[in-house]
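**Q** Residue numbers (mature numbering (1 follows the signal peptide of the UniProt record, and there is no 0)): -23 to -1, 1 to 935. One structure is given below, represented as structure tokens, and several questions about it will come after.
Here's what the structure looks like:
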């Protein structure tokens, strides 16, 4: 961190008149032991008594001590009087890298106080920066009570140097090293650690009554009702009440406390706080103790702390599924890592998944190394004595510290544990066996800490012993607009795939209002989304369906029928528990409340017996591979009546012809004062009708702030569908108008529908199989030898050297990743019934899944296959994608596949995704020797997915 020059400027600018400048603590100089010239200069600081000479040496000290020696400068800062406790002291230097804009980041680095950055760094867009500063201010206050006790201060600072909940080991270390030195520090830290997760502002209104001044009480209530972020509230209270957040003051003591007091004068009990996101995870516990603790904390937050839970369950190997689920809620896996100053080997990794790649974790790793250098690694249930890690395998220890803080995560096992062989190796060489407890060995210790040795399920340290092989220029091929998160705390960040009408002021991300899943939750869902949450009082398997309202809270909740999660399935004489997935022949199956739900794949039995010597087509019911399409009542086109009947449709439930070639408005289904607009959809629920049109009146006014460009049949773009309808125009497709789509060039989509243009197909979230009207069907089985696609002229692959995959039922291979998802129709029907018989569609599912793809160079397409699996494609959108972009799309697919198969709340809290049972993935690979063809678009041009529109001009591109 570049702190020394700013620090010197700040120190020399202090007013020393009221407090004489004394020499700094000599223990700081131990951080300069390896730099003799720096240590000599530092040692002089401890002996100089002349204020003028001390100022002079402070000015010259950066020339002796490099600015990279952050530990030294922080120590000097904290031990010189008048610094750590000064109200306007600049403690935000370690936060500057969190700034979103380069201008703000630069201003922050040069600032000497918080007020210097407010003009450049806007609070609404720089929330991560201001939240970090607020936390550092609280840390500066707490840790200043350590005085000159360096070890106590270091352990205290560790609490505030991470953006996640402080761990049990960190809290225990503070108690152990600070108990005898500073009870005030312990009280301050204790109040802070118990405040996780931060409460909703209005839940703390009762604290305002603790303020001594009446005007402060009034201002406090107004601030809590009108401000959202922690920083805004803290700054507002400091300004209006004229006091710093000191724990000894009643009002601040209340805000920092973990739960409201219960004196007699409090007439109404404080509302119970729930965390519905974490509550989703509790059913995954394998022990009754951890399950009950998880449920108690999630439904009645404040009754006990997560630290208590961590002590008993966090490192319990039988609770890996529960812990990984909770990790998904706290810190979801995200692609990309960059801008780290200490864990630099983790930088430039745009196609790897990490839970916590940020500046706080970077500093946390550095602090861990410092603590471990004392000779003991403190764990909640054991202490591990080690030799001097600065001399014994220092690179490996750094990789360990960085891995545990940055937290790489993998698709097969989302936990953040290092591999057992690495653990054994490092403790064999660096464990201090003279201090091992009786029976302790490296193998036994690692069996508890890191029992896994599969490199796809644990963190192999060798990967992070050297820098990434990618350079900064290559990394720009894949960007991550929402990592770090640029949005306010009550908004979700999503990739801007809509583009902007004002391209000059267009951002690559959108900040959308959201709702927390419970009063004590930090997990957000998008406004207007339907959410499935566990009920507070009923048994496991009981849920409510709620909507995220404009108030920022879940509302309109209705109870769902309970699911008997204790009822097993009997499959071929074996018992399968609820929620488990398995294979029966070539089918994927899942047990759901005693019912076995399987895919309907054709397994090739028709060609294997003498009784049925028919040709095996690889299609449902071994139907012939002729293309004589019919349109079924669910809005899906099937290649033949045979396949429609095979999927359960009666003859009166389908008509001949493709669905999209019919005119749903031909029979004038709307009233005279309404306009009929075709709205083709494929429905996943069948308890209600699946209308292919909607009736709309001419809107009186449109929301000018709602920007979702659409193109009319005259080739004119409108800011929204509402404005198009207000103008009396007819919709052609969503998105900006494209020259390539002005004339009809029929293409066949993966769903077997013929579209007038490639723009029509992409607007329907369907990728293109081949040019021309649909006239063939491909197999859905991997076992067929022949296909009806022999006459199809497939387009060339988008990248040389790609090993492609072929979507089920399609003819042509593509360079993309495919998910084949098994889903529960009964759940879809339940959702439809509770939503006033509104149908749930394939398009609904795809739009929600798009929110989970964070790389603009990849997008989501999909369809209902002819054997009723949901097929989702995550494909690159550049004309000629690079190997890095294809790999990024594969990683995004692996991430979603893992979330489905592990039942992560990240997905299953959202209706209709909660009907997903299991997923299989197929990924395109790239030959390492193959060179990517030169891109026709500049690097990074997929910024707003407009490159996808450009790509439509190429025939057959998918």
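Just so it is clear, CB atoms sit at the ideal spot from N, CA and C, and this is done for glycine as well.
1. Between which two residues does the alpha helix (DSSP H) harbouring residue 936 extend?
2. Please say whether residue 436 and residue 380 have beta carbons closer to each other than 8 angstroms?
3. With distances taken between CB atoms, is the gap from residue 730 to residue 637 smaller than 8 angstroms?
4. Report yes or no: do the stretch 826 to 837 and the stretch 598 to 607 share at least 3 C-beta pairs separated by less than 8 angstroms?
5. By the 10 Å Cβ neighbour count, where 16 or more other Cβ atoms means buried, how is residue 103 classified, buried or exposed?
6. Looking at residue 635 and residue 655, is the spacing between their C-beta atoms short of 8 angstroms?
7. Straight-line CA distance for residue 846 to residue 733?
8. Hey, residue 468 and residue 882: beta-carbon distance below 8 angstroms or not?
9. Between the C-alpha atoms of residue 464 and residue 83, what's the straight-line distance to the nearest angstrom?
10. I need the boundaries of the beta strand (DSSP E) containing residue 631, first residue and last residue.
11. For residue 819, which three-state DSSP category applies?
12. Which class does residue 779 belong to by DSSP, given the choice of helix, strand or coil?
13. Can you name the residues that DSSP bridges to residue 731?
14. Check whether the Cβ atoms of residue 892 and residue 850 lie closer than 8 angstroms to each other.
15. Using only alpha-carbon positions, find the residue among 855, 128, 703, 88 that is nearest to residue 455.
16. If you pair each beta-carbon of the stretch 568 to 579 with each one of the stretch 539 to 546, do three or more pairs fall below 8 angstroms?
17. Would residue 741 pass as a contact of residue 788 if the rule is Cβ separation under 8 angstroms?
18. Is the Cβ-Cβ distance between residue 872 and residue 299 less than 8 angstroms?
19. Below 8 angstroms between beta carbons: does that hold for residue 865 and residue 328?
20. Compare the C-alpha of residue 137 against each of 119, 124, 153, 158 and name the closest.
21. Check the C-beta distance from residue 834 over to residue 853 and give it rounded, since I have them as a contact under 8 angstroms.
22. Three or more C-beta pairs under 8 angstroms: does that hold for the stretch 503 to 520 against the stretch 535 to 542?
23. For the putative contact between residue 562 and residue 580, defined by C-beta atoms under 8 angstroms, what is the C-beta separation to the nearest angstrom?
24. Could you tell me the distance, in whole angstroms, from the CA atom of residue 227 to the CA atom of residue 393?
25. How would you call residue 862, buried or exposed, if buried means at least 16 neighbouring beta carbons within 10 angstroms?
26. Are the stretch 335 to 348 and the stretch 314 to 326 touching, with three or more C-beta to C-beta distances below 8 angstroms?
27. Using the rule of at least 16 other Cβ atoms within 10 Å of the residue's Cβ for burial, across every protein chain shown, is residue 154 buried or exposed?
28. Compute the Euclidean distance between the alpha carbons of residue 158 and residue 148, then round it to the nearest angstrom.
29. I believe residue 495 touches residue 525 by the beta-carbon criterion, under 8 angstroms. Please report the beta-carbon distance rounded to the nearest angstrom.
30. Give me the Cα-Cα distance between residue 687 and residue 817, rounded to the nearest whole angstrom.
31. In angstroms, rounded to a whole number, what distance separates the CA positions of residue 78 and residue 312?
32. If residue 690 and residue 707 are in contact, beta carbons under 8 angstroms, what's the gap, nearest whole angstrom?
33. Let's test the definition: count the other Cβ atoms within 10 Å of the Cβ of residue 461 and tell me whether it reaches 16, buried, or not, exposed.
34. Assuming residue 698 is part of the alpha helix (DSSP H), what are its boundary residues?
35. Would you report the Cα separation of residue 239 and residue 187, rounded to the nearest angstrom?
36. Using 8 angstroms as the threshold, is the C-beta distance between residue 860 and residue 900 below it?
**A** The short version:
1. The chain is shown only over -23 to 935; residue 936 falls outside these bounds and no answer can be derived.
2. A contact, by the Cβ cut-off of 8 angstroms.
3. Yes; because the gap between Cβ atoms is below 8 angstroms, this pair is in contact.
4. Counting C-beta pairs closer than 8 angstroms gives fewer than three between the stretch 826 to 837 and the stretch 598 to 607, which falls short of the contact rule.
5. Buried, because 16 or more other Cβ atoms sit within 10 Å of the Cβ of residue 103.
6. Result no, Cβ atoms of residue 655 and residue 635 do not sit closer than 8 angstroms.
7. Going by the C-alpha atoms only, they are around 26 angstroms apart.
8. Taking a C-beta distance under 8 angstroms as the contact criterion, residue 468 and residue 882 do not qualify as a contact pair.
9. The straight-line gap from Cα to Cα measures roughly 20 angstroms.
10. Per DSSP, residue 631 is one residue of the beta strand (DSSP E) stretching across 631 to 633.
11. Looking at residue 819 - three-state DSSP - the assignment turns out to be helix.
12. Strand at residue 779.
13. Residue 731 pairs with 725.
14. Cβ atoms of residue 892 and residue 850: not closer than 8 angstroms.
15. Comparing Cα-Cα distances from residue 455 to each of 855, 128, 703, 88, the minimum goes to 855.
16. Yes: at least three Cβ pairs fall under 8 angstroms.
17. Not closer than 8 angstroms, so no.
18. Taking 8 angstroms as the Cβ cut-off, residue 872 and residue 299 do not qualify as a contacting pair.
19. Between residue 865 and residue 328, the CB-CB gap stays under 8 angstroms.
20. When the alpha-carbon of residue 137 is set against those of 119, 124, 153, 158, the nearest one is in 119.
21. Right, the Cβ-Cβ distance comes to about 6 angstroms (below 8 angstroms), so this counts as a contact.
22. Yes: at least three Cβ pairs fall under 8 angstroms.
23. Sure, about 5 angstroms apart at Cβ, within 8 angstroms.
24. If I take the Cα positions, the gap works out to 40 angstroms.
25. Taking all protein chains shown into account, residue 862 has 16 or more neighbouring C-beta atoms within 10 Å of its C-beta and is therefore buried.
26. Put simply, the stretch 335 to 348 touches the stretch 314 to 326. At least three CB pairs are less than 8 angstroms apart.
27. With 16 or more other Cβ atoms within 10 Å, it is buried.
28. Inter-residue distance for residue 158 and residue 148 is about 15 angstroms (C-alpha atoms, whole angstroms).
29. Their Cβ separation, rounded to whole angstroms, is 12 angstroms, which puts residue 495 and residue 525 out of contact at 8 angstroms.
30. In a straight line, the C-alpha of residue 687 is about 23 angstroms away from that of residue 817.
31. Distance from the CA atom of residue 78 to the CA atom of residue 312, rounded to whole angstroms, is 20 angstroms.
32. The beta carbons of residue 690 and residue 707 sit about 5 angstroms from each other, so the pair counts as a contact at 8 angstroms.
33. The residue is buried, with at least 16 neighbouring Cβ atoms inside 10 Å.
34. Per DSSP, the continuous alpha helix (DSSP H) segment holding residue 698 begins and ends at 698 to 703.
35. Caution is warranted here: a pLDDT of 41 is assigned to residue 239, below 50, making its placement in the model unreliable, and no coordinate value can be reported.
36. Not a contact, by the Cβ cut-off of 8 angstroms.
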